[in-house]
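S.K.: In the numbering used here, the protein residues as written are -4 to 178. Glycine residues also receive a C-beta, built at the ideal position from the N, C-alpha and C atoms. What follows is a single structure, and I will ask about it in a moment.
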């Protein structure tokens, strides 16, 4: 009788342990790591790059605060129009990322002067999987979408970044989830 009780207790303990380990693995598999690069800023002026990066990553971190996904940041700027597949793959492997996003922030030029800008921006993003394949892309024009005339440039970048992320998520929902491209 003692052997049966001991055997039942040990097998119950092992079964509960195996179930809890399986539950932990399922929770970890749903967490995706997304690597963000520094946005390419157009026009290429050094004085506006740092504030643009700060506003962009502030908006990205605010967007990811309520999600299960994890944001990774690479302090590298990749050209938006000429992206090499191997570069994306290398960064994803080295940072253990599931996806990579290459952004671009383009300021509107207004006026006659060389350095006169408006507070309107277009934020564009391209989403790549870990193998370097383009999954989807999105852009958000703060003037056309919001008809935003007033406000700070920092707020325009945040609104544009949120809009571009929502656009990517909307396009991902339309894609078939069988390819494993869910965020």
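1) Using three-state DSSP, classify residue 147 as helix, strand or coil.
2) DSSP three-state label for residue 168, please.
3) Rounded to whole angstroms, what's the CA-CA distance from residue 84 to residue 152? Just pull it up for me.
4) Assuming residue 179 contacts residue 72 under a Cβ cut-off of 8 Å, what Cβ separation, rounded to an integer in Å, is found between them?
5) Taking the continuous alpha helix (DSSP H) assigned at residue 65, which residues delimit it?
6) If distances are taken between C-alpha atoms only, which option among 90, 28, 52 and 66 comes closest to residue 156?
7) I need the boundaries of the beta strand (DSSP E) containing residue 131, first residue and last residue.
8) Specify the secondary structure class of residue 95 as computed by DSSP and reduced to three states.
9) Note down the Cα distance separating residue 139 from residue 10, rounded to an integer number of angstroms.
10) For residue 166, I'd like the list of residues in its chain whose CB is within less than 6 Å of its CB, leaving aside the five on either flank, ordered along the chain.
11) Does DSSP classify residue 11 as helix, strand or coil?
12) Kindly indicate the opening and closing residues of the beta strand (DSSP E) around residue 37.
13) Given this structure, state the Cα-to-Cα distance separating residue 7 from residue 26, to the nearest angstrom.
14) Who does residue 223 pair with in a DSSP beta bridge?
15) Nearest to residue 50 by alpha carbon, out of 4, 36, -4 and -2?
M.R.: Per the coordinate set shown:
1) In the structure shown, residue 147 sits in coil (DSSP, three-state: anything other than H, G, I, E or B).
2) Residue 168: helix per DSSP, three-state reduction.
3) For residue 84 and residue 152, the distance between alpha carbons rounds to 28 Å.
4) Because the chain is modelled from -4 through 178, residue 179 falls outside the range shown and cannot be assessed.
5) Residue 65 -> not in any alpha helix (DSSP H); beta strand (DSSP E) instead, spanning 65 to 72.
6) Nearest C-alpha to residue 156: 52.
7) First-last of the beta strand (DSSP E) with residue 131: 129 to 136.
8) Here residue 95 sits in strand by DSSP.
9) C-alpha separation (whole angstroms): 58 Å.
10) So the list reads 131, once near-sequence residues are dropped.
11) Under the three-state reduction of DSSP, residue 11 is assigned to helix.
12) Per DSSP, residue 37 is one residue of the beta strand (DSSP E) stretching across 35 to 37.
13) If you take the alpha carbons of residue 7 and residue 26, they lie about 30 Å apart.
14) In the structure as shown, the chain begins at -4 and stops at 178. Residue 223 is therefore absent and cannot be evaluated.
15) When each option's Cα is compared against that of residue 50, the closest is 36.
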